[in-house]
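In order, the protein sequence lines correspond to chains A and B.
Note that the first sequence covers residues 1 to 334 in the working numbering.
Note that the second sequence covers residues 1001 to 1334 in the working numbering.
Please read the structure below before turning to the comments.
Number of protein chains: 2
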Amino acid sequence: MVTIYDIAQKANVSAMTVSKVINNTGRISEETRRKVKKVMEELNYIPNSNARSLVLQQTQILSLLITDITNPFYTSLARGAEDGAKQYGYRLLFGNSDEDYVKEKDYVDMILSTRVDGVLFAPAGDLSLKNLEKLRAHNIPFVIMDRAVPGIESDMICGDSKEGARKLVDYLIGLGHRRIALVNGSLDVSTARLRYEGYAEALALQGIPLDETLIIHQNYRDYHADDHLEQLLEQPSPPTAIFAANNVLAVGVIRDLRERGIRVPEDISVVCFDDLDLSSALDPFLTVAAQPAYQFGAMGIQLLVERIRGSSVPESRKVILPSELVIRSSAKPI
Amino acid sequence: MVTIYDIAQKANVSAMTVSKVINNTGRISEETRRKVKKVMEELNYIPNSNARSLVLQQTQILSLLITDITNPFYTSLARGAEDGAKQYGYRLLFGNSDEDYVKEKDYVDMILSTRVDGVLFAPAGDLSLKNLEKLRAHNIPFVIMDRAVPGIESDMICGDSKEGARKLVDYLIGLGHRRIALVNGSLDVSTARLRYEGYAEALALQGIPLDETLIIHQNYRDYHADDHLEQLLEQPSPPTAIFAANNVLAVGVIRDLRERGIRVPEDISVVCFDDLDLSSALDPFLTVAAQPAYQFGAMGIQLLVERIRGSSVPESRKVILPSELVIRSSAKPI
DNA sequence: TATTTTAAAGTTACCGATAACTCATTATAC
DNA sequence: GTATAATGAGTTATCGGTAACTTTAAAATA
């Protein structure tokens, strides 16, 4: 590999002069600058960012940790983050925790070892606390994405899970539904708790009693609710509508329903949090509370970079991005 | 940040001893090892991989460059690559070129600057040649994913675009279609050329003349074919079926058709290359030639790591992964 | 007891860049 | 014509590790 010393030798200057040309620092005569640049091109010089990071104590790398790379919400978020990072001149190191605390921990160690300048962190859940504390202990700035973690104060970009859930359930109630099931994420994830609360509040406001037998808790990522669903449907008074707490769960539920010969929305209505992008473009079917995923990523980077650069950002900032009720055809009046 | 020198001092040994403990090299007494390890834990030591990379001349980072992070084919591929990388002990640096040669070039520079050990490279198209040559000039091993680039010999994982296209078109012909349109990617992408060839061959074999007015070329990623589609549909003898060269194009086409009040498959049949994952789970509608995307990524990493480690891998290896015709309901007999 | 061997730990130089400083020249001022 | 300033370039030390070699001390052998 070509180094600044190779350049220096061939251009008959010192390494320092080359460095100055590269970084546009110090005083360099036009003539020397041209000469050095010419040699750099001839030799196809590419700076070694490891060496650079070592002395500068910064890498110009940001890390993005998400929990499910096949979930369109997170890929859109990733795209927003990527565009943002590029715009601010950072490289982006992706990680995918698969909603798994151990994988998440491994990524945190890697992040620390890479000495990234900051992290966009979508926690797997409440137990991410330890991993976040580790980042904090090492003074790595981070912005928490999508899910709050009790015990950690930090910059944060979240959706309005509670409000979004309420809107969805309100909508179902407006259609005449009274027996509304909730297929929720695991309760150690803040969004699942809030969506549950929104669900409960919407029911309470309409005087509909909360029925725990209508509620299933699941991992957001792996849907296999067969047994639970069975239970749900074979009640004396089964639900007429299902609120799935995210897109992946909704797809799983609908698939399972269809396998049982139950039609959506004719036999049962289904709505969920988060949109499906391509699916919805192909077939505007699912009624959803859509979140501005791209913006999550873009704004997250913005907060993060401000935090990294700005000494003037005192307390932690929380951004709540609204979700939008998109009514399509997966829910019908009872 | 804590360094090995801090550890060394507190443990009353030399830095070299600490290094040896970390890497399990050299001779270290059990006692010293324990002492050093204890101090490392106390101080929360995390090795600086930049410093390490600098002397070792290798980073344990692989890079994955894809062309569209919102396309499920590539996200599944990414997941395979991620799992593979983890398994072999590498970190993974993602990049997303958006089918754009300039973005691609920027990523190549970043890759070079990061001194990654190898690259999984899904080229934007034929003009990626320059970018690949740059990698080669710098001796970075790479495996080309999905799309061949004329002028570059290298390890490669591809699908069987031609055969898959032929199967799809054969299927349409079998349903009685004779006027079959092709909404293709840009012809400077190898898969688009091969899918075109497969399409043409399938027609030829059945003695159906190729009609250039039935063919549209487009960017794989941004569908906005309004004008073209208009032209297609307002022919004296419009197509009864459309073969879209990838999933994103198919979704775009179907959306546009619906906006015009044209029903799929009642009024026109549509099939495409690549599956839609979540969409298809939600609603098994699109008939597709599905590629094993996860395997693309996993095998790509395998080839790459073998190339990096193995001195014994002589000429370049090409893996062709078959695609599977998945018949659903977006195409009907004429 | 003297010598060799071996185990365990330490020294030194270097990876490729940059910060901070120093050193020549030349230009400007008095 | 000397003092001072401005300009352009070079020296040196350092970032945090590791390879290759050396040193030290204890154990094994003669």
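Glycine included, each C-beta is placed from N, C-alpha and C at the ideal position.
Per DSSP, HIS217/A is paired with what? ASN184/A
What number of angstroms, rounded off, separates the C-alpha of ILE144/A from the C-alpha of ILE111/A? 15 Å
Under 7 Å Cβ-Cβ, which residues of chain B neighbour VAL251/A? LEU1278, ALA1281, LEU1282
Out of PHE1296/B, ARG1147/B, LEU1129/B, GLU1197/B, which has the shortest C-alpha to C-alpha gap to PRO1122/B? In the sequence as displayed, the identity of residue 1122/B is Ala instead of Pro. Cα-wise, what sits closest to ALA1122/B is ARG1147/B.
Report all residues from its chain with a CB closer than 7 Å to the CB of VAL36/A; omit the five preceding and five following residues, and keep chain order. ILE7, ALA11, VAL13, THR17, VAL18, VAL21
Would DSSP call PHE1073/B helix, strand or coil? helix
Could you check how far apart the C-beta atoms of ASN219/A and SER186/A are, in whole angstroms? I think they sit under 8 Å. 6 Å
Between MET1110/B and chain A, is any beta-carbon pair separated by less than 7 Å? yes
Give me the Cβ distance between VAL1271/B and SER1330/B, rounded to the nearest whole Å; I'm assuming they're in contact under 8 Å. 6 Å
Give me the Cα-Cα distance between ARG1195/B and PHE1094/B, rounded to the nearest whole angstrom. 28 Å
Going residue by residue through the segment 1109 to 1146 of chain B, where are the continuous beta strand (DSSP E) segments of at least 3 residues, counting only ones entirely within it? 1118 to 1121, 1142 to 1145
Could you pull out every residue in the same chain whose Cβ sits closer than 7 Å to the Cβ of MET299/A, ignoring the five residues on either side in sequence? ILE157, VAL319
Under a CB-based cut-off of 7 Å, is ASN1050/B close to chain A? yes
Grab me the residues of PRO150/A's own chain with a C-beta within less than 8 Å of its C-beta, minus the 5 sequence neighbours each way, in chain order. ASP126, LEU129, SER190
Consult DSSP for ASN1012/B and reduce its assignment to one of helix, strand or coil. coil
Please determine if the segment 24 to 34 of chain A and the segment 56 to 65 of chain A are in contact, where contact requires at least 3 C-beta pairs separated by less than 8 Å. no
Following a CB-centred definition, is GLN60/A positioned closer than 6 Å to any heavy atom of the ligand FMN? The ligand FMN is not part of this structure, which contains no ligands at all.
7 Å Cβ cut-off: residues of chain B touching ASN44/A: ALA1137
Can you name the residues of chain B whose CB is closer than 7 Å to the CB of PRO47/A? SER1113
Is the shortest distance between the beta-carbon of ILE69/A and the beta-carbons of chain B less than 7 Å? yes
Quick test of the definition: if touching needs 3 or more C-beta pairs under 8 Å, does the segment 131 to 138 of chain A touch the segment 206 to 225 of chain A? no
Is the separation between the beta-carbon of ALA1078/B and that of ILE301/A shorter than 7 Å? no
Throw me the rounded Cβ distance for the ILE1242/B and VAL1253/B pair, which I believe falls under 8 Å. 6 Å
Between GLY1084/B, ARG1091/B, SER1097/B, THR1240/B, which has its C-alpha nearest VAL1264/B's C-alpha? THR1240/B
What residues in its chain sit with their C-beta under 7 Å from that of TYR45/A, if we drop five residues either side in the sequence? VAL2, ILE7
Of the residues ASP275/A, ASP267/A, ASN48/A, which one's Cα is nearest the Cα of PRO333/A? ASP267/A
Here's the rule: buried if 16 or more other CB atoms are within 10 angstroms of the residue's CB, otherwise exposed. What is VAL102/A? exposed
List the residues of chain B whose Cβ lies closer than 7 Å to the Cβ of LEU93/A, in chain order. LEU1093
Beta-carbon neighbours of ALA1078/B, restricted to chain A and to distances below 7 Å: ILE69
Do we get a CB-CB distance below 7 Å when we pair SER53/A with the residues of chain B? yes
In chain B, which residues lie with their C-beta within 7 Å of the C-beta of GLU31/A? Neighbours of GLU31/A on chain B: none; closest Cβ ~27 Å, over 7 Å.
Contact criterion: CB-CB distance below 7 Å. Does ARG1328/B meet it with respect to chain A? no
For HIS1224/B, count neighbouring Cβ atoms within 10 angstroms of its own Cβ and tell me buried if that reaches 16, exposed if not. exposed
Mapping DSSP to helix, strand and coil, what is ALA204/A? helix
Residues in the same chain with beta-carbon distance under 8 Å from LEU172/A, minus the five sequence neighbours each way, listed in chain order, please. ILE180, ALA241, PHE243, SER269, VAL271, ALA331
Interface partners of PRO1265/B on chain A, CB under 8 Å: Chain A residues near PRO1265/B: none, gap ~13 Å exceeds 8 Å.
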